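Below: one structure, written as structure tokens.
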Amino acid sequence: MPRDRKVVVITGASDGIGAAAARRLHAHGHTVVVVGRSAEKTRVIAAELGADSYVADFTRFDDVERLADALLAAYPRIDVLANNAGGVFGVRTKTVDGFEKTFQVNHLAPFLLTRRLLPRLIASRASVLQTSSTVRFAKRIHLDDLDHDREYDPVHAYGASKLENILFTSELHRRHHADGISAASFYPGNVLTNFASDTTSPIMRTVRFFGTKPVIGRLLLSTPEQGADQIVWLAEGSPGGDWRSGAYYYKRKDVEPKNPQAVDAELARGLWARSEELLAGRLPDTDTDMDMDTGMGIDTDTGPRTGPGSRSGPDTAPRV
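Numbering (our numbering), first residue to last: 2 to 321.
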């Protein structure tokens, strides 16, 4: 059982390890906020748990901004932000915002969400968790070609975005751990979920094919419940005690990513700066602005709320 009840926001919580983590954390008594792209899937999970839910499509920055605004209005305290949403896709596609889809969904959107929530996260002394992957075979990241205009293949784009998750985590730690933020990235293992269901990548399609074979699937892939263990453990644990801020985890162990780029501090700083440039106009004036306009402080009551902006369950939750 948890040491204390926490408010935990999980993106990508309508399916896979996000849904499995939401179920376990809810069962342990935490206030879980379910965020998903599919309105129907998100509604089903939220109804099952009696939890608040929000729908946001990370291929649209306007959705991400509305999500952040809704979360700030609803939760005076956010103890854990689990940036779990992501995907691997097929043919190179640009979003309505003009970015390669993998790069936006897996890196820029969670970067934007975290930055817009940052004052609340700092005030809450929150943990920010990033679902990454193994990055052993990831190719080099080029800060002048994060959109993969010069070279694109689905697996390379995905691997680059997972490296970016690790770099974002380490730079978030460097910049804001002294302010109260703790951050960790993790590899959940090769998990059998609907992840990559839309990809045209031969490699990913092969992995998914073998995953449908019961015996081979059990040997090669973990269950969503097993993959969710990292989110649950980090969310419930104490940074500085149970886990180290700024680190990368696999099977609850602090390990060094098997790619030298993942521990390149200058690359992490450069990625942060480049991400800010690409999101110009959508970020706060600084990444340390506090909630002066709302006057919100820390609320230790995570129970049901009444009045403007409150919700009693998924049927009354605002949709974004």
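Cβ atoms here follow ideal geometry from the backbone N, Cα and C, with glycine treated the same way.
Quantities reported herein were computed from a predicted structural model and do not represent experimental measurements.
From the listed residues 143, 86 and 48, the smallest Cα separation to residue 229 is found for 86. Between residue 181 and residue 137, the beta carbon gap of about 33 Å keeps them out of contact (Cβ cut-off 8 Å). Listed in chain order, the non-local C-beta contacts of residue 270 below 7 Å within the same chain comprise 172, local neighbours out to five positions each way being set aside. Within the same chain, Cβ atoms closer than 6 Å to the Cβ of residue 186 are found at 131, 133, 166, 167, 170 and 249, the five residues on either side in sequence being excluded. When Cβ pairs closer than 8 Å are counted between the two stretches, the segment 103-111 is seen to touch the segment 45-60, the count reaching three or more. Beta-bridge annotation (DSSP): residue 226 is not paired with any residue. If you draw a straight line from the Cα of residue 69 to the Cα of residue 252, it is about 30 Å long. For residue 128, the uninterrupted beta strand (DSSP E) segment begins and ends at 128-132.
Two segments are said to touch when three or more pairs of C-beta atoms, one from each, lie closer than 8 Å; by this definition the segment 273-281 touches the segment 108-123.
For residue 257, the number of other beta carbons within 10 angstroms of its own is below 16, and it is reported as exposed. Burial state of residue 119 is buried, judged by a 10 Å Cβ sphere holding 16 or more other Cβ atoms. By alpha-carbon distance to residue 158, the top candidate from 128, 267 and 95 is 95. Distance from the CA atom of residue 263 to the CA atom of residue 164, rounded to whole angstroms, is 6 Å. Going by DSSP, residue 266 is part of no beta strand (DSSP E) but of the alpha helix (DSSP H) stretching over 266-279. Rounded to whole angstroms, the gap between the alpha carbons of residue 73 and residue 79 is 9 Å. Here the alpha carbon of residue 30 sits roughly 16 Å from the alpha carbon of residue 235.
In this structure, residue 52 sits near residue 33, with a CB-CB distance shorter than 9 Å. According to the DSSP secondary-structure assignment, residue 101 is paired through a beta bridge with 95. Pairing residue 189 with residue 90 gives a Cβ-Cβ distance that is not under 9 Å.
Between the alpha carbons of residue 35 and residue 47 lies a gap of roughly 6 Å.
Just measuring C-alpha positions, the residue of 242, 223, 121 and 226 sitting nearest residue 177 is 121. In this structure, the straight-line span from the alpha carbon of residue 239 to that of residue 184 is close to 11 Å. The criterion of a C-beta distance shorter than 9 Å is satisfied by residue 117 and residue 65.
Assigned with DSSP and collapsed to three states, residue 51 falls in coil, not helix or strand.
The continuous alpha helix (DSSP H) containing residue 115 extends over residues 110-125.
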